Every structure is written in structure tokens, then in C-alpha cells.
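Numbering-wise (the working numbering), the sequence shown opens with residue 1359 and increments by one. Glycine residues also receive a C-beta, built at the ideal position from the N, C-alpha and C atoms. Since the structure is predicted, the reported quantities are computational estimates derived from the model, not experimental observations. Since the structure comes first, as C-alpha cells, the remarks are kept for the end.
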Amino acid sequence: MKRAALWGTWAVMLVVAVGVAYWAAASLLKEREAPVSIPPETVANYVHAVIDANRTVYTRHIVEKMQATGVVEAAETWKQENALPLPAQFLIETGKLMAEKGVGIRYRLASLTPIYVWNGPTTDFERKGLEAVLKHPERPFTGFFRTGRDRYFQAIYADVAVSQACVACHNTHMNSPRRDYKLHDVMGGIVITIPVNP
Ligand code: HEC
1359 MKRAALWGTW AVMLVVAVGV AYWAAASLLK EREAPVSIPP ETVANYVHAV IDANRTVYTR
1419 HIVEKMQATG VVEAAETWKQ ENALPLPAQF LIETGKLMAE KGVGIRYRLA SLTPIYVWNG
1479 PTTDFERKGL EAVLKHPERP FTGFFRTGRD RYFQAIYADV AVSQACVACH NTHMNSPRRD
1539 YKLHDVMGGI VITIPVNP
């Protein structure tokens, strides 16, 4: 009887030991798995989400609040005046700063009917993308392109007139080539470019 109990204890210890060894081996193996590679579509989605969140917070909690409380207005000529940049300019400016950092990712705001020509499509791909998101704003237009030896992934996300302010300003801006925007119309796109060289 005593002997049987001893064997029982040994058996339990063995099972526990095998379990611990298995767990340790499994965690070691997990750490040695192939390096993680994130698809460029996913990276672009992450970047887009950050850009979007920043612009929304800037618009709602800075521009709108400052204007409502009479502290300071947002104006296109913010560089020359005591004014805040417009949300579109905020996005464009952060995009420019990002490009200067030389990390490779670029982004900008573009449109087929831009207030300024420099916000128009610069390649055939961008033109196609901006046309595509006009028809299908729910999904980004994506693809690869090459410049010299460098390969890039580009994603174009619809930029929608989410408030009447977008519509009112673009429809009345003296430089705007399009003046019939309505609420929820696609006004352009956020173009994100990611280098994908090995
Ligand atoms: C008070 C005026 C104003 C408001 C409000 C405004 N925009 Fe603009 N938007 C501009 C100006 C000015 C530019 C050009 C900025 C530049 O290139 O310096 C611009 C640029 C853009 C562009 C790039 C193409 C272009 O027209 O040059 C898009 C797309 C755009 N805005 C979408 C929007 C959306 C969407 C909203 C609302 C969420 C919005 N805008 C609100 C004035 C405005």
C-alpha cells in the first residue's frame, strides 16, 4: 500500500515535470519563430488611422473650441496672421515634416478638383486611385510602383465631407474649381506612400 502511494507520487511528479519541460520548450520555440513581417496594407491602415485621429482631435478639440470661445480663429493665412492652420493644412504640414525626417513614409491630401494645383494627382496611379475612392469610398485604392531602384506601396483613402464646414469652405473658396460639394461627398483622398525595399 505504502509502495503504491510512493509510485503514485512519482507518477504525478513525472507528469508535472513533463508538462513544465513541454511548456518551456514551446515558449523557447515561439521566440525563435520567423521574424514578423507586417503587410504594407496593414502598415498603411495603421498610419491612416493615426493621421485621421490626429486631424479629428485637432479639429474638434482645438480649432472648434478656440473659435467657439473666441480665443483664436483658424485661417488659411495662419503663417502671416495670428491664426491656427486649417485642419487640411495641419495634415499637409505634418506630412511635410514627416517627409523631411527621411523615414521613408510620406502622406498628403489630394483631390481631382483641388483648391491648389499642388494638391492634384502627381502620377497616373494617384489619378486612378482618387477616381476609385470617389466610387468606392469604403475601401482604399492600393498598389505598388517603382522609382528607379526603389519600390513603394501606395494607398489612397477617401477623404469625405464629414461636416457642413468642409462643403461651405470648398464651395466658396475663390480658387476652388468645384462648387457643388454636398455633405458626405468624397472630396479627395489621403495618399500614403511606404517604401518596401527589402
Ligand atoms: C475654412 C476652409 C476649409 C475648410 C473648413 C476645409 N477645407 Fe479643405 N482645404 C482648404 C484649403 C485652403 C485647402 C488647400 C490647403 C493647401 O494646400 O495649403 C484645402 C485642401 C483640402 C484637400 C486637398 C485638395 C485641395 O482641395 O487642395 C482636401 C481633400 C480637403 N481640403 C478636404 C476637406 C475636408 C474633408 C474638410 C472637412 C473635414 C475640409 N477640407 C475643410 C480649405 C478648407
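Option in F1483, V1461, K1459 and E1458 with minimal Cα separation from S1469: F1483
Exposure label - I1396; buried when at least 16 CB within 10 Å: exposed
For L1387, the three-state DSSP class (helix, strand or coil): helix
Terminal residues of the alpha helix (DSSP H) in which I1450 lies: P1445 to K1459
beta-carbon Q1447 near ligand 1 non-hydrogen atom, thresh 7 Å: yes
Host alpha helix (DSSP H) of Q1522 (start-end): Q1522 to T1530
Boundaries (first-last residue) of the beta strand (DSSP E) holding L1466: It is worth fixing the name first, because residue 1466 is Arg in this sequence and not Leu. Start and end: R1464 to A1468.
Beta-carbon separation (whole angstroms), A1432 vs A1441, contact threshold 8 Å: 6 Å
Closest by C-alpha distance to W1476, when choosing among Q1447, R1413, P1553 and L1492: Q1447
One or two residues paired with F1483 in a DSSP bridge: According to DSSP, which records beta bridges pairwise, F1483 is partnered with nothing at all.
Q1438, DSSP secondary structure in three states: coil
Nearest candidate by alpha-carbon position, reference Y1515, set P1535, A1490, E1439 and T1452: A1490
Enclosing alpha helix (DSSP H) for A1516 [first to last residue]: No alpha helix (DSSP H) contains A1516, which is instead part of the beta strand (DSSP E) from D1508 to V1518.
Residues that DSSP places opposite T1505 in a beta bridge: D1508
Rounded C-alpha distance that separates P1393 from G1506: 28 Å
Residue environment, V1373, which counts as buried when at least 16 other CB atoms sit within 10 Å: exposed
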